[in-house]
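Undergrad:
Numbering (this note's numbering), first residue to last: 69 to 187.
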């Protein structure tokens, strides 16, 4: 599952649904579903966020190689050019800037638990 934080369909409700899966299905839910949240993205695409990423590639890699998508690199494309990349993190993790790399490069970010965001 994925949703943009600027989606009008209330991303917090989807996060709540995802957490209810965890509660009701137990640890097995991790074998079947991930929630990817995209900062700045609207409904399925658009907005100021990095909204271009291989959704089917992530699913194919999960099925074919048994590698669940914990991080997916997404791009922001403007006038046909990639102007920014960011890691999309599996919920509840969030991307944290390393403090010194290029802010437009996904490699300058790490997916961390939200409580470690300020560290």
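C-beta atoms are modelled at their ideal positions from N, C-alpha and C, and glycine is treated no differently. Please read these numbers as outputs of a predicted model, since none were measured by experiment.
Report, in whole angstroms, the separation of the C-beta atoms of residue 71 and residue 105, which I expect to be a contact under 8 Å.
TA: 6 Å
Undergrad: Taking 7 Å as the threshold (C-beta atoms), are residue 115 and residue 74 in contact?
TA: yes
Undergrad: In angstroms, rounded to a whole number, what distance separates the CA positions of residue 181 and residue 175?
TA: 17 Å
Undergrad: Measuring CA to CA, which of 137, 108 and 91 is closest to residue 125?
TA: 137
Undergrad: Of all the options 131, 117 and 91, which has the alpha carbon lying nearest to the alpha carbon of residue 144?
TA: Minimum Cα distance to residue 144 is reached at 117.
Undergrad: Roughly how many angstroms lie between the CA atoms of residue 129 and residue 99, to the nearest whole one?
TA: 13 Å
Undergrad: Starting from the Cα of residue 178, find the closest Cα among 170, 171, 165 and 69 and give me that residue.
TA: 165
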